[in-house]
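K.L.:
Going by the UniProt record's numbering, 20 is the number at position 20 of the sequence shown; the sequence numbering is gapless.
Ideal placement from N, C-alpha and C gives every residue a C-beta, glycine not left out.
Predicted, not measured: the structure shown is a model, and the values here were computed from it.
I'd like to ask some things about the structure below.
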Amino acid sequence: MSYQDDEESVPYDDHPNSFPKNFGYGQYEGEQDNSLSPTGEQKPRILLMGLRRSGKSSIQKVVFHKMSPNETLFLESTNKIVKDNINNSSFVQFQIWDFPGQIDFVDSAFDPHMIFGGCGALIFVIDVQDDYSDALLQLHSTVTQAYKTNSNIKFEVFIHKVDGFGDDSKMESQRNIHQTATESLIDAGYDQIHLSFHLTSIYDHSIFEAFSKVVQKLIPQLPALENLLDILNTNSAIEKSFLFDVVSKIYIATDSTPVDMQSYELCCDMIDVVIDVSYIYGVREDQEAAFDEKSSSLIKLNNGTVLYLREVNKFLALVCILREDNFEHKGIIDYNFLCFRKAIQQVFELRNKTNQMLNMCNVASSPIMNGNNLVDDNNEEILNDEDN
Ligand SMILES: Nc1nc2c(ncn2[C@@H]2O[C@H](COP(=O)(O)OP(=O)(O)O)[C@@H](O)[C@H]2O)c(=O)[nH]1
Ligand SMILES: [Mg+2]
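If you want it as structure tokens, here you go:
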């Protein structure tokens, strides 16, 4: 990390508590459609659906474009399907389609194969601060329609805007929604459809946590990553470790011990600190990124806990929580980390090789892809109009 005084060359926008804009995932909605990754791999698609003003666009902006939650108050409503390529990160490569709530796409001229065919996960957002009986009806019709088209889709229900709710009313709403939604599916004979529920709000870390869980279900290498994290923890006396996608603060894997929200928040905050400090003091003129192979950080908390961050590759960081006494063996931890990083690289290489081979054989390349991608060029054009 180098230090410089020349503040003018530091690109920084004026949002408190956010990354500079150009550290984000690049292009905004649907400027250019590029549903294939550089390796030619078909990206898994995540659909964001739900009634109007349930918070879909806000979620997308906050998680992937560093918009601060207050700014979402001024978001205009979405009239067209907005596609967003999340393509800068090697592991987290996917597309998000934000649907306008007011179109009843199920009955309209939209082709369900085109929408659900290549879809990995469908997130249905329910505004819990509003009367949600209509939302539950829409959830039912969306899910059954999607399931008929593509039975491999993972269905995720975000019980959204729970900020301001106490623990009891959160649980109560979740129980209500869970019960009504599953019962209506069972009554209609769809007992094989599984819905997962998440309590979310853009005003705290819950939305990042929920998105992490959704994304993890789409990562075929997840068991391998979790296993590596477990091995690292046991051999280094680490209590908890997360593998973070730095830009989105989504964790793409963690070890097998349960996640508590507080540790996750601590780790997120640590990433913010590292990136912010690096942006102010660590960016040279010839390089853009504030996160590189020299990025690492150590924070000692006053309760005898240590937070330790290391760069894994251009997009991923390992963040560990451990007791201060155990940090005396920093040498061992660092050595183990190097082994860990190497193993992660091998997982990547394997993936790239498999993809190349599949591409040569001209087979649908990603194991995540469900069904065929039936979007043809013309449709892309239509769907790809700018959000206005
Ligand atoms: N209180 C609260 N408001 C939210 C949350 N998420 C979104 N909103 C607000 O909900 C409104 C509608 O959001 P928008 O993203 O445009 O909804 P969309 O029509 O589903 O895309 C905006 O005013 C947001 O500020 C949340 O987690 N909590
Ligand atoms: Mg919208």
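(1) With DSSP as the reference, label residue 29 as helix, strand or coil.
(2) Can you tell me whether DSSP reads residue 319 as helix, strand or coil?
(3) Quick check on residue 127: buried or exposed, where buried means 16 or more other Cβ atoms within 10 Å of its Cβ?
(4) Given residue 125, which residues of its chain have a CB within under 6 Å of its CB, disregarding the five upstream and five downstream residues?
(5) When DSSP labels each residue in this structure, what does residue 24 get in the three-state scheme?
(6) Could you work out which residue in 83, 84, 61, 80 is closest to residue 73 when comparing CA atoms only?
(7) For residue 95, which residues does DSSP report across the bridge?
(8) Distance check for residue 269 and residue 301, CA to CA, integer angstroms please.
(9) Quick check: the region 252 to 272 against the region 305 to 321, are at least 3 beta-carbon pairs closer than 8 Å?
(10) For residue 66, which three-state DSSP category applies?
(11) Determine contact between the region 302 to 310 and the region 223 to 232, defined as no fewer than three beta-carbon pairs at a distance below 8 Å.
(12) Taking residue 249 and residue 315 to be in contact with their CB atoms under 8 Å, please state how far apart those CB atoms are, rounded to whole angstroms.
(13) So, with DSSP's three-state summary, where would you put residue 52?
(14) Run through DSSP, which three-state label would residue 201 get?
(15) Under 8 Å, do residue 217 and residue 294 count as touching if we go by C-beta distance?
(16) Can you tell me the Cα-Cα spacing of residue 112 and residue 120, whole angstroms?
(17) Residue 61 by DSSP, collapsed to three states: which one?
(18) Does the beta-carbon of residue 342 have 16 or more other beta-carbons within 10 angstroms, so that it is buried, or is it exposed?
(19) Contact check, residue 47 vs residue 122 under 8 Å by CB: the rounded distance?
(20) Measuring only from the beta carbon, is residue 83 closer than 7 Å to any heavy atom that is part of ligand 1?
(21) Which of the three DSSP states is assigned to residue 218 in this structure?
(22) Taking DSSP's pairing of strands, which residues face residue 300 in a bridge?
(23) From the DSSP output, in three-state form, read off residue 364 for me.
(24) At a threshold of 7 Å, does residue 142 count as lining ligand 2 (C-beta to nearest heavy atom)?
(25) Name the residue from 165, 182, 172, 236 whose alpha carbon lies nearest to the alpha carbon of residue 201.
P.N.:
In brief:
(1) The predicted position of residue 29 is uncertain, since its pLDDT is 33 and thus under 50; a value taken from the coordinates is nonetheless stated next. Here residue 29 sits in coil by DSSP.
(2) strand
(3) buried
(4) 50, 54, 55, 56, 158, 160
(5) Confidence at residue 24 is low in this model, with a pLDDT of 38, below 50, so the placement of that residue is unreliable and no value is reported for it.
(6) 61
(7) 45, 85
(8) 13 Å
(9) yes
(10) coil
(11) no
(12) Not really, about 12 Å apart at Cβ, beyond 8 Å.
(13) coil
(14) coil
(15) no
(16) 14 Å
(17) helix
(18) exposed
(19) 5 Å
(20) no
(21) coil
(22) 306
(23) Confidence is the limiting factor: at residue 364 the pLDDT is only 42, short of 50, which leaves the residue's position unreliable, though a coordinate-based value still follows. Residue 364: coil per DSSP, three-state reduction.
(24) no
(25) 165
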